[in-house]
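For reference, each letter of the sequence shown is one residue, going 1203 to 1398 in our numbering. Accompanying notes for the structure given below.
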Amino acid sequence: QSHRRSVGSGEGAGPPRRPLAIYMVSTAGAMLVAILLQIFCRTTNFGPAELRVAATGVLICTPLAWYGLVTGGWRGIGRLLPTAVPGVILMFAAFLPWMAYMQALFPEAANVFSEQVAERAAGTEGWAVASAHYYLLPLITLTLPWIGFLPGAFAAGWLKRFSGRRRELVYLFLWSAGLVVMLTVSAGKRDHYILP
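Here it is in structure tokens:
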């Protein structure tokens, strides 16, 4: 009964607080380690770029996998399949013919895609490598005049007054922070990449 009352009042809605806190701290730590690893490997030329990208992926995905197992979030995947599977099929039905056409039209298309996506992200093959703090200034300038509201927007998911909307707000925060981290970890950076 107390559980029903707390859910009805909005208290306790959303992810369990302790696993969420552990997940957030461990993800932040993993991201920091990933960025430091990228900086170290680039300055010392340690290891191939593919290994650095794989290590970054493992570092960032491990806390997410742990959180999904601990909270049972993986169970929700089954409910997504009826729409996710047709969506994936539709995406490939539109994407693969275009890729095949581009490959037939331009035999070097695969190399261009690899160069523009993988090699640019890894900072190999002569692509310029920007520092980890590259996006700090663009984040400030491109969010004007709303930058004053950003701290409150990021904190909203953890405030009691918004406990009834915690899941949605945490999702939005993770979406925004995840994009920034993904772009920060990537070696090739441009101001306009951060606009979305």
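Where is the CB? At the ideal position from N, CA and C, for every residue including glycine.
Tell me whether the beta-carbon of residue i lies closer than 8 angstroms to the beta-carbon of residue j.
{"i": "A1389", "j": "V1331", "result": "yes"}
{"i": "A1221", "j": "T1273", "result": "Strictly speaking, residue 1221 in this sequence is Pro, with Ala absent from that position. Yes, they are a contact pair."}
{"i": "Q1305", "j": "A1296", "result": "no"}
{"i": "Y1164", "j": "Y1269", "result": "Residue 1164 lies beyond the residue range present for the chain, which begins at 1203 and ends at 1398; the question has no answer from this structure."}
{"i": "V1235", "j": "L1261", "result": "yes"}
{"i": "Y1395", "j": "L1385", "result": "yes"}
{"i": "P1340", "j": "D1393", "result": "yes"}
{"i": "G1359", "j": "F1375", "result": "yes"}
{"i": "L1397", "j": "L1344", "result": "yes"}
Where does residue i land, buried or exposed, given buried means 16+ other C-beta within 10 angstroms?
{"i": "Y1303", "result": "exposed"}
{"i": "T1201", "result": "This structure does not reach residue 1201, given that the chain is present from 1203 up to 1398, and the question cannot be answered."}
{"i": "S1204", "result": "Unreliable positioning characterises S1204 in this predicted model, as indicated by a pLDDT of 43, which lies under 50. A coordinate reading is not provided."}
{"i": "G1210", "result": "Residue placement at G1210 is poorly supported in this model, since its pLDDT is 42, which falls under 50; the coordinates still yield a value, given next. By the 10 Å Cβ count, G1210 comes out exposed."}
{"i": "R1368", "result": "buried"}
{"i": "K1391", "result": "buried"}
{"i": "G1354", "result": "exposed"}
{"i": "L1371", "result": "buried"}
{"i": "S1293", "result": "One point to set straight first is that residue 1293 is Met, not Ser, in the sequence displayed. Classification of M1293: exposed, given that the 10 Å Cβ count is below 16."}
{"i": "V1383", "result": "buried"}
{"i": "V1387", "result": "buried"}
{"i": "A1323", "result": "buried"}
{"i": "T1285", "result": "exposed"}
{"i": "M1233", "result": "buried"}
Can you give, in chain order, each stretch of the beta strand (DSSP E) that sits fully within the segment 1240-1268 and has at least 3 residues?
none
Hey, is the segment 1249-1264 in contact with the segment 1234-1241, meaning 3+ C-beta pairs nearer than 8 angstroms?
yes
Mind pulling the alpha helix (DSSP H) runs of 4 or more residues that sit fully within the segment 1329-1358?
You should have 1338-1344, 1352-1357.
Write down every uninterrupted run of the alpha helix (DSSP H) in the segment 1299-1324 whose length is 4 residues or greater and which is fully enclosed by it, in chain order.
Counting whole runs of 4 or more residues, the segment 1299-1324 contains the alpha helix (DSSP H) stretches 1311-1316.
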